[in-house]
């Protein structure tokens, strides 16, 4: 028997054990993933629930660690294994394609984000809205020149649950634009604009959705179903919490308040859709075949680059390095945030032992 045959590199189907449980997994994972993604969004809109703000911060920082560990442990490592599979030959064995594709995704997302900022800024300028720190923008300008306590006294909650500056604040900000040339004002404003937040979360959502479909396909036909099923329940819940915490903090006009909910629902549906597709083609889909290894390896590598960029640039750098509020935060708050990030990364990395 040849090595290729022993490795099952052909087009034979995947495992069909625990078929009823595999069907049930569609709904179980859908429920847990949607809970993880939607709970922070809906809870933040319902102050009556009495959830302290620190809980959302913990979820946000914990989720940052989850995203970074997912990129390294659950995406990049499998991509290296898949694109280095013995079932592949030729150039696949001669070059580290997984690492190259991951790097390509990092730079591609950087260029996409840069282009999106330029297009978005031009659009806002045409509408007479100043997106730069030297104009009269509301978001970021006040923060750059006021302490947290001052901001809290100047902001009133809107019926939608989002913070809205009152009329006197608008007049004051219009009459007193931020001075030019302040680096902190520039950094704060750029990072706090709705445009920046939407772009960052959209990139995160894209990488997570792509990854989730592949998880579903694998779970549907993997022979080690029970272990993988349990791990993926935790994986999707934690990842959903990380995504949901970011969605909850989006600053959107009332007409677009449905967007975070829609994004959470999409996240909850992607893995179940992948499972359903995998079950539908279980007799012909072999995750170890050459074609499947190439497809999943390429997509895993690209997803890892997307989540690496998002986790390190959009989440860690923006939250810790370029966030004046964190610069002025107490040591206890800073330590708590770092512990949450490391805990999220550590738990997700540990789950990689079984998945």
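Residue numbers (the UniProt record's numbering): 1 to 355. We put the beta carbon where it would ideally sit given N, CA and C, even for glycine.
Secondary structure of residue i, DSSP reduced to three states
i           : result
residue 222 : coil
residue 29  : helix
residue 201 : helix
residue 281 : coil
residue 286 : coil
residue 101 : helix
residue 126 : helix
residue 352 : coil
residue 249 : coil
residue 347 : helix
residue 17  : coil
residue 44  : helix
residue 304 : helix
residue 258 : helix
residue 172 : In this prediction, residue 172 scores a pLDDT of 40, lower than 50, which makes its location untrustworthy; the coordinate-derived value is nonetheless stated afterwards. Here residue 172 sits in helix by DSSP.
residue 9   : coil
residue 322 : coil
residue 157 : Reliability fails at residue 157, whose pLDDT of 42 lies under 50, so the model's placement of it is uncertain and no value is given.
residue 328 : coil
residue 309 : helix
residue 267 : helix
residue 272 : helix
residue 314 : helix
residue 94  : coil
Classification of residue i by the beta-carbon crowding that lies within 10 angstroms, buried from 16 upward
i           : result
residue 238 : buried
residue 62  : buried
residue 219 : buried
residue 332 : exposed
residue 27  : exposed
residue 208 : buried
residue 94  : exposed
residue 260 : buried
residue 328 : exposed
residue 272 : buried
residue 279 : buried
residue 245 : buried
residue 24  : exposed
residue 44  : buried
residue 231 : buried
residue 357 : Only positions 1 to 355 of the chain appear in this structure, which leaves residue 357 out of reach.
residue 247 : buried
residue 368 : Missing from the structure shown is residue 368; the chain here goes from 1 to 355 and no further.
residue 215 : buried
residue 284 : exposed
residue 33  : buried
residue 229 : buried
residue 226 : exposed
residue 119 : exposed
Pick from the options that is closest to residue i, judged by C-alpha positions
i           : options            : result
residue 70  : 320, 325, 309      : 309
residue 286 : 87, 76, 57         : 87
residue 265 : 212, 351, 228      : 212
residue 275 : 306, 217, 257, 248 : 217
residue 222 : 321, 338, 68, 281  : 281
residue 307 : 225, 75, 244, 326  : 75
residue 224 : 32, 257, 354       : 354
residue 253 : 198, 339, 51       : 198
residue 348 : 42, 290, 47, 67    : 67
residue 99  : 350, 302, 250, 352 : 302
residue 72  : 18, 300, 255, 89   : 300
residue 54  : 340, 346, 91       : 340
Chain C contact for residue i (CB, 7 Å cutoff)
i           : result
residue 110 : Chain labels in this structure do not include chain C; a single protein chain is all it has.
Heavy atom of the ligand ATP within 6 Å of residue i beta-carbon
i           : result
residue 314 : Because no ligand of any kind appears in the structure shown, any question about the ligand ATP cannot be addressed here.
- Task: Identify every run of the alpha helix (DSSP H) within the region 49–89, keeping only runs that are complete inside it and at least 4 residues long; order them along the chain.
- Result: 53–69, 77–83
- Do three or more CB pairs link the region 32–52 to the region 291–305 at distances below 8 Å? no
- Task: Please confirm if the region 52–61 is in contact with the region 76–92, defined as three or more CB-CB distances below 8 Å between the two stretches.
- Result: no
- Message: Does the region 307–326 come into contact with the region 91–106, if we say contact requires no fewer than three beta-carbon pairs (one atom in each stretch) closer than 8 Å?
- Response: yes
- Examine the Cβ distances between the region 197–208 and the region 112–123 and report whether three or more of them are shorter than 8 Å. yes
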